[in-house]
Each structure stands twice: as C-alpha cells, then as structure tokens.
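Let me begin by presenting the structure, written as structure tokens, before commenting on it.
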Amino acid sequence: MDMSFFLALAMFAFVTSVTPGPNNIMLLASGAQFGFRRTLPHMLGIVLGVATLLLSTLLGLGTLFTLYPPLYTVLKWVGCAYLLWLAWKIASAPVGDLDDQQTKTKAVASSPMRWWQALLFQYVNPKAWMMAIGCVSTFSIADDLYAQSGLWMIILFAVVGFPAISIWAWAGVSIRRWLTDQKRQRMFNLFMGVATAATLLLIIGH
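Structure (structure tokens):
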C-alpha cells in the first residue's frame, strides 16, 4: 500500500461522511436543540456504527444483499419507517428558552440520541450500508493485504469521519444563537423534521 491508497481512502471517507444524509441532518438538529457537548454521544455512535458496518462487510455480511436481494428491500423499508419516526420527534421537539431549566426538563422526552441508538441506526441506514460496501469493494486488497487494508478503512473512517460529521453539529450550534424565540424554534424544528424525512428520497432512490 502506497501513499495514493491512503489519500484516496481518506478522501472517500471524508466525502461520504460530510455529504448530506440522515446522520448529518439529525446532527444539525441535535446541535441546535441540545448543543455540541450533548450531541457528542450521537457522533460517537455514528463512528462506532460505521466501524462495525465496515467490519461486518469485510467479514462477508454485505454479500448477503447480493445473494438475497429481498433482504435489502426489507432493510430499506425498516430504515424508512424508523427515519419517519425520528423526523416526527425532531419536528415536535419542545420549544422555549434553550438554556432554561424548565425547557430542559420538558426536553427529557426528546433527549439527544444515545451512542448505542446511533450505532444501531447505522444497521437500518441503507446509505451507510452502501457506503461500507462501496468502500470495501473499492479499497480492499486481496490475499495477504486484505486484513491490513480493512483495518486502515476502519481507522481512516473514524479519524476522518468524526471531524467531518462534527461540522454539522457545530453548524447546529451556530444556528442555536438564532433560535431566540419560540416561533423560530418551531419553524426550525418543523424544517429539520421535513429535511430528515426528505432524506428518504436518497434511500428510496437506491
């Protein structure tokens, strides 16, 4: 493996991590609603989930979609249903003074996604599966270097992917300063809920 392998893999990891999708839209909404620190577990869960997806694909789990195409159809519709539920939660999130204790108490029912929830979401996220399958099929090196190239995929996706998705959470924090009244908060929550649901177009289209 030479430097061109690492550069190409790092670029692939950055582009696929930073482009819009269900994960990043939800991070934007979480950053605005809960702040960066409380969104960290969500980001950690995404990174861990992608790492386990890559490992599963390297071990051959991804080939099941090729051998049994209906499995991907089931995955797609389960992912769509779960994403619609998440979109509703975002759209109906409580409003009020984001730094007020009473608002924080009301937000308990609409708390940030936990790390294990974000990890498991990757398994019903068809975009994440296609990213993992595309990465393994493109960058894995056969024979003696297969395990080594696979390990570098997992490492680079974590090292490059975390800063890439952090951009969306930080963008949400910046928007948070604009959400100074309840009307703006309701509009933002509704918009982000619709945007989350709109990512279904990316899923259904593949």
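Throughout the sequence shown, residue numbering follows my numbering, covering 1023 to 1228 in sequence.
Every residue, glycine too, gets a C-beta built ideally from N, C-alpha and C.
With the cut-off set at 9 Å, would you say alanine 1150 and leucine 1075 are in Cβ contact? Here residue 1150 refers to the residue found at position 128 when the sequence shown is read from its first residue. Here residue 1075 refers to the residue found at position 53 when the sequence shown is read from its first residue. Cβ distance < 9 Å, so alanine 1150 and leucine 1075 count as in contact.
Return helix, strand or coil for isoleucine 1177, following the three-state DSSP convention. Here residue 1177 refers to the residue found at position 155 when the sequence shown is read from its first residue. It is helical.
Option nearest phenylalanine 1028 by Cα separation, candidates Trp1174, Ser1188 and Trp1190: In the sequence shown, residue 1028 corresponds to position 6, counting from 1. Nearest of Trp1174, Ser1188 and Trp1190 to phenylalanine 1028, Cα basis: Trp1174.
Can you name, in chain order, every residue of its own chain whose Cβ lies under 7 Å from the Cβ of leucine 1167, other than the five neighbours on each side? What you label residue 1167 is simply residue 145 of the sequence shown in a count that begins at 1. Cβ neighbours of leucine 1167 beyond the five flanking positions: Met1023.
Quick one: what's got a C-beta closer than 6 Å to alanine 1051's C-beta in the same chain, skipping five residues either side? One-based indexing of the sequence shown puts residue 1051 at position 29. These residues qualify, in order along the chain: Ile1112 and Met1214.
Excluding the 5 residues preceding and the 5 following threonine 1038 in the sequence, name in chain order all residues of the same chain whose CB lies nearer than 7 Å to its CB. As a position in the sequence shown, residue 1038 is number 16, starting the count at 1. Counting only Cβ-Cβ distances below 7 Å, and skipping sequence neighbours, we find Met1153.
For a test of the three-state rule: what should DSSP assign to proline 1042, helix, strand or coil? Along the sequence shown, one-based indexing puts residue 1042 at 20. Three-state result, proline 1042: coil.
What is the DSSP secondary structure of leucine 1212, counted as helix, strand or coil? Numbered from 1 along the sequence shown, position 190 holds the residue referred to as residue 1212. The answer is helix: DSSP assigns leucine 1212 an H, G or I state.
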